[in-house]
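The block underneath contains the structure these notes are about, expressed in structure tokens.
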Amino acid sequence: MGWPYLGETLKLYTQNPNTFFSKRHKRYGDIFKTRILGYPCVMISSPEATKTVLVTHAHLFKPTYPASKEKIIGPEAVFFQHLAHDTTASVLTWVLKYLHDNVNLLEAVTEEHEGIKKKLVMENRGITWDDTRQMSLSGRVIQETLRSASILSFTFREAVQDVELEGYTIPKGWKVLPLFRVIHHSADFFPQPETFDPSRFKVAPRPNTFMPFGNGVHSCPGSELAKLEILILLHHLTLSYRWQVVGNGDGIQYCPFPVPKHGLLINIIPRNKIPN
Ligand code: HEM
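Residue numbers (the numbering used here): 23 to 298.
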């Protein structure tokens, strides 16, 4: 436990989330308590406990935000901040970064889209929903990006009554934080979790281990739209352009979503202007 009010809050919002979570996870295990914005919180990172909180016993854990944050900017603002914070744009930024850093993967993704483009030209039509279902490699790149970047590292719930969870009692009113990022970066479920490897998604992940859009009744209603937008953008981008990261693109910024430093500055070049 940190200081009574600020507790671990500053660290949570400013530190590399991998460092923040994995240090505590190693030290305290799958369930531990801390304080965020003045509230006692229980952090959970086992797939089973996460399923209990978000799905099977969701009625005992209501969606909530730290009240201090609501007091500062208002509850609607907290809600719309999620949308306005451009989750899709952050994921797309990471996709561009990973493809930039993995040239062979970029070429393989481009080939996938060239195949689709050929068909569109032959049939003299525009791209359709069915075409996006054929973008399997691009789909896996998006899945691996969602896992690796885990832009929503965790979410908040609040116990509506005293609840037993894996042998612990969570008192009424305590916040409960399912830690998606810890689960997504656990070597038990994703071998060599720090390696960017879309092929791992050729096999479906174990249930409740991959939750980039949450789980249960409050999971993200925008997930399909977000994936569709990224697929369409990848289609046009990989076919027509190449991009070079300006400077050293390796830093990460936390605000509180992890995004590449300075938003990943890139130079975009039309593909037909690149000398062979
Ligand atoms: C890649 C982009 C996105 C990611 C990673 C993402 C992630 C999430 C996650 C993890 C949740 C669950 C939060 C919780 O359980 O407390 C959520 C909820 C939500 N998302 Fe998204 N989201 C994305 C894009 C979008 C888009 C494009 C929209 C709208 C067009 C959207 C609208 C919402 C709404 C309204 C909720 C609240 C659902 C509820 O409370 O019942 N999201 N999102």
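Glycine is no exception: its CB is placed at the ideal position from the N, C-alpha and C atoms.
Asked	Found
Beta-carbon contacts of I296 that lie in its chain and below 8 Å, excluding the five residues immediately before and after	R264
Contact set for D184: own chain, Cβ-Cβ below 8 Å, skip 5 residues either direction	T191, I192, P193, K194
Sequence-distant residues of the same chain with beta carbon closer than 8 Å to V113, five excluded per side	I164, T167, L168, A171, I173, A248, I252
Range of the contiguous alpha helix (DSSP H) that encloses N289	Run containing N289: none in the alpha helix (DSSP H); it sits in the beta strand (DSSP E), 288-292.
Spatially closest choice to L159 from S262, L128, G285, by CA coordinates	L128
Nearest-angstrom Cα separation, counted from I254 out to F212	27 Å
Endpoints, beta strand (DSSP E) assigned at M144	Counting along the chain, M144 falls outside any beta strand (DSSP E), though it belongs to the alpha helix (DSSP H) covering 125-144.
Euclidean distance between Cα positions of H206 and R293	34 Å
Backbone CA spacing between F223 and R162 [nearest angstrom]	6 Å
Start and end residues, alpha helix (DSSP H) containing V204	202-206
Simplified DSSP assignment, three categories, for V75	helix
Beta-carbon proximity check, G271 vs L286, cutoff 8 Å	yes
Cβ pair L201, F176 closer than 8 Å	yes
Sequence-distant residues of the same chain with beta carbon closer than 6 Å to S262, five excluded per side	R293
Closest residue to L259 among R147, E134, Y276 (Cα-Cα distance)	E134
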